[in-house]
Each structure stands twice: as C-alpha cells, then as structure tokens.
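Take a look at the structure below.
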Amino acid sequence: PAAAPESPPATPVPQAGTAPAAPEPASPPALTGEVLYYVLSAEIAGQRGQMKLAAAMYLKAAEVSKDLAIIERATRIAVYSRDDASALKAAWLWVEQEPDNIDANQVIAALLLRQGKVDESIPYFRKVLDSKQFESRNGFLLITSLLSKEKDKQAALHVMEQLIAGRHNEPEALYAYAHLAMLVGDLTLAENTSNQVLSLRPDWADAHILRANILQREGKTEKLMALMKQAVDRYPQDAALRLFYARKLVDGKHYKRAREQFEILLAQQPDSTDSLFALGLLNLQLQDTAAARKYFKTLIETDTRLPEAHYYLGQAYEIDQQDEAAIREYGEVRSGKLYVEAQIRIAILLARQGNIDAARERLQTV
Numbered sequence: 001p002a003a004a005p006e007s008p009p010a011t012p013v014p015q016a017g018t019a020p021a022a023p024e025p026a027s028p029p030a031l032t033g034e035v036l037y038y039v040l041s042a043e044i045a046g047q048r049g050q051m052k053l054a055a056a057m058y059l060k061a062a063e064v065s066k067d068l069a070i071i072e073r074a075t076r077i078a079v080y081s082r083d084d085a086s087a088l089k090a091a092w093l094w095v096e097q098e099p100d101n102i103d104a105n106q107v108i109a110a111l112l113l114r115q116g117k118v119d120e121s122i123p124y125f126r127k128v129l130d131s132k133q134f135e136s137r138n139g140f141l142l143i144t145s146l147l148s149k150e151k152d153k154q155a156a157l158h159v160m161e162q163l164i165a166g167r168h169n170e171p172e173a174l175y176a177y178a179h180l181a182m183l184v185g186d187l188t189l190a191e192n193t194s195n196q197v198l199s200l201r202p203d204w205a206d207a208h209i210l211r212a213n214i215l216q217r218e219g220k221t222e223k224l225m226a227l228m229k230q231a232v233d234r235y236p237q238d239a240a241l242r243l244f245y246a247r248k249l250v251d252g253k254h255y256k257r258a259r260e261q262f263e264i265l266l267a268q269q270p271d272s273t274d275s276l277f278a279l280g281l282l283n284l285q286l287q288d289t290a291a292a293r294k295y296f297k298t299l300i301e302t303d304t305r306l307p308e309a310h311y312y313l314g315q316a317y318e319i320d321q322q323d324e325a326a327i328r329e330y331g332e333v334r335s336g337k338l339y340v341e342a343q344i345r346i347a348i349l350l351a352r353q354g355n356i357d358a359a360r361e362r363l364q365t366v
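So that you can map any letter, position 307 of the sequence shown is 307 in the numbering used here, and since no number is skipped, the others follow by simple counting.
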C-alpha cells in the first residue's frame with residue numbers, strides 16, 4: 001500500500017448518535033504498516049469532513065487487523081456517516097468477537113430492518129432486549145426508541161409484535177407496544193393496548209399518562225379528562241397522575257379545577273416550587289390577586305424563579321392599582337426573558353403618574 005500520511009488528525013471524528021465515547025487507539029500489535037495506513041487515512045478523512053472515505057478506510061483497517069477496538073470504531077464511524085453497508089459489515093465483525101455486545105447487536109438489528117430483512121433482524125433485537133444490562137422495562141424502552149426511528153412503521157410494529165409474543169401478561173411489554181403504536185401513528189391499536197396494560201396494572205401512572213396522550217392525539221379530549229379524573233380519584237396520593245391531570249386542566253382553560261388540583265399537590269408536597277408558581281399564575285388568571293401575591297411572595301422566600309416571581313407579583317400589584325409596589329417588584333427583575341417587559345411596565349406606570357422624563361429614561365436603558 002501507499003505510504004501512510006505524515007500525522008494523525010488533531011481531533012477525533014464525532015461519534016454516532018448516543019453511542020459511547022470513542023475507544024482508545026488500537027493496541028500496538030494490531031498496527032501493522034497496512035493497518036496504520038488505513039487508520040490514519042480514515043482519521044484525516046474524518047477531520048476533513050470526508051466521512052464516507054473515513055468509513056471505508058476504517059472498514060479496511062478492521063477487516064485486515066481483526067482488532068476489536070478498530071472494529072468498534074469502524075462501526076461507529078460508518079453509522080455516523082450513514083454508510084449502512086460499511087456499518088453492517090463492521091458490525092458483523094464485531095459480533096463475531098463479542099456476540100452479546102449490545103451496541104453491535106443494535107446496529108445489526110436496525111440495519112437489517114432498514115434493508116427490509118425484518119425477520120432476520122428480530123433475533124438481534126431480542127438479544128438487545130434480553131441483555132442482562134437492562135431491567136425488562138428499560139430494555140423495552142430502548143427497543144421502542146430504536147424502532148420508532150424506522151421509516152417502515154409497519155415493519156417496526158411487526159418486530160415489536162414478535163418481541164412481545166408470549167409476554168402478553170407483562171405490562172412492560174404491552175406498554176412498549178402501545179407506546180410504539182402511538183409513535184408510528186396506529187392510534188386505535190395504541191389505545192386498545194394501553195387499556196390492556198391498565199387492566200394488568202391499574203395503578204401504573206405512566207400507563208395512565210400514555211393512554212391520555214394517545215387519546216389526545218385521537219382528539220378524544222372529553223374521554224381523556226374523564227379517565228384522568230377517575231384515575232386521580234382512585235389513586236389520590238399519586239403526585240405524577242395529579243400533576244398531569246392538573247396540566248391538562250390548564251390546557252383546557254379549566255382554571256378553577258386546575259387550581260384545586262395544584263392546591264392538593266402543594267398540600268402533599270409543601271416544598272414544591274412548581275406548584276407554588278402554578279398557583280400564583282392561576283390565581284392571577286382568576287383575578288384573585290390576594291392569593292396570587294401570597295404564592296409569589298412565598299416563592300420569593302424560597303429564592304426560586306426570582307425574575308418570574310417578582311414580575312408576576314408586580315402584575316398582581318398593578319391590577320390592584322398599587323403602582324409603587326408594582327414598580328418596586330418590576331425593578332427586582334434584573335435578568336431573564338421578562339427583564340425588558342418589566343422595564344416597559346415601569347415606564348408605563350411612571351408615565352401614568354405624570355413622570356414622563358423618568359419614564360423616558362427607563363425606556364432608554366432597555
């Protein structure tokens with residue numbers, strides 16, 4: 001082969017997706033002159049943005065050396081460069097040496113599926129799912145994430161159907177199937193499967209929330225709200241359920257009912273600054289300025305979300321025509337996205353008091 005380039009690149013080629021960091025350089029015994037040429041050529045090509053060439057050179061290095069570190073890097077570079085053919089070849093080399101490696105099996109499974117080899121991909125997805133690295137649910141979450149990215153949605157669903165075969169009594173398996181069905185747009189299947197999940201594990205907040213999200217995509221808002229109310233009434237101590245329900249009430253502009261839910265949440269979790277802030281805003285929306293002031297003052301005492309708390313406390317004072325107090329609170333907004341708006345409010349209030357020069361000066365500082 002031709003002589004090796006003079007020096008390796010100063011920076012490594014970026015890694016693909018969420019894959020782990022690049023391995024350390026290959027061990028010296030594997031770096032024969034030919035392998036060294038391919039590796040350095042690949043790194044320089046990557047540094048120059050020639051990712052297809054980098055993938056090709058790394059694959060050659062992997063095939064010649066059979067070195068695990070080089071094979072792993074060849075796979076990642078090929079995935080990053082979207083060179084599916086090289087990625088698959090490198091991944092085959094990888095699983096020859098590490099049959100149970102999760103990353104290698106992920107690559108093979110995804111690429112076989114992308115090539116339309118659905119049934120061939122399933123054993124590799126199953127290997128990922130059954131890995132001892134994961135609890136059952138985490139394995140299914142990974143599989144769902146992988147399958148949801150595929151263009152052939154029906155093929156992705158078929159794979160999941162095969163993976164959950166014989167596991168229809170496992171809520172985690174059905175949850176993954178329902179979640180994937182929602183992500184690929186089969187909402188009827190998603191809703192029916194989410195109902196099965198909840199029949200097996202009725203107290204699972206995540207499953208209730210999944211079903212609600214499915215119903216929202218279907219436009220079944222009334223059914224969503226009725227079922228969430230039932231769930232909150234049945235499991236009153238579940239804060240995640242109640243918080244989701246409260247936010248949906250806000251989305252639907254049911255502010256009084258949302259306020260009731262956030263008041264319960266605050267009673268259950270007195271240190272929740274999110275509930276304090278929500279209650280301040282809801283009371284402001286409902287024109288209960290006394291209650292709004294109470295919540296925003298408590299939030300300020302916790303030294304949390306200070307710019308927002310001062311701004312909305314200023315609004316409460318302004319609504320009550322307590323202009324000096326409003327100016328004081330707006331003046332405490334010294335940073336953040338509400339800073340400019342606070343200065344404008346101060347200028348308006350100063351102008352209302354007849355202090356035009358001070359109002360003009362305030363605006364000039366913005």
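Where a beta carbon is used, it is the ideal one built from N, C-alpha and C, also for glycine.
Contact between Glu-172 and Arg-137 holds, with the beta-carbon distance rounding to 4 Å and staying under 8 Å.
For Asp-251, the enclosing alpha helix (DSSP H) starts and ends at 239–251. With respect to the 9 Å criterion, Ala-90 and Ala-78 are classified as neighbours on the basis of their beta carbons. Between Ala-190 and the set Arg-201, Ala-176, Leu-200, the nearest pair of CA atoms involves Ala-176. Contiguous alpha helix (DSSP H) elements confined to the stretch 313–363 occur at 323–331, 339–352, taking only those with 4 or more residues.
Within the same chain, and ignoring the five residues on either side of Leu-93 in sequence, the residues whose Cβ sits closer than 6 Å to its Cβ are Ala-62, Ile-71.
A direct Cα-Cα distance of roughly 23 Å separates Lys-248 from Val-184. Gln-133 counts as exposed, since fewer than 16 other beta carbons sit within 10 angstroms of its beta carbon. CA-CA distance, Arg-259 to Ser-86, rounds to 57 Å. Judged by beta-carbon spacing, Leu-53 lies beyond the 9 Å limit of Asp-84, meaning their Cβ atoms are not closer than that value. Contact between Leu-210 and Ser-194 holds: CB atoms are separated by about 5 Å, below the 8 Å threshold. Counting only the Cα atoms, Lys-151 lies some 25 Å from Asp-130. For Pro-270, there is no enclosing alpha helix (DSSP H), since its DSSP letter is neither H nor E.
For Gly-185, there is no enclosing alpha helix (DSSP H), as DSSP gives it neither H nor E. Ranked by how close their Cα comes to the Cα of Leu-306, the residues Leu-286, Phe-277, Asp-119 have Phe-277 in first place.
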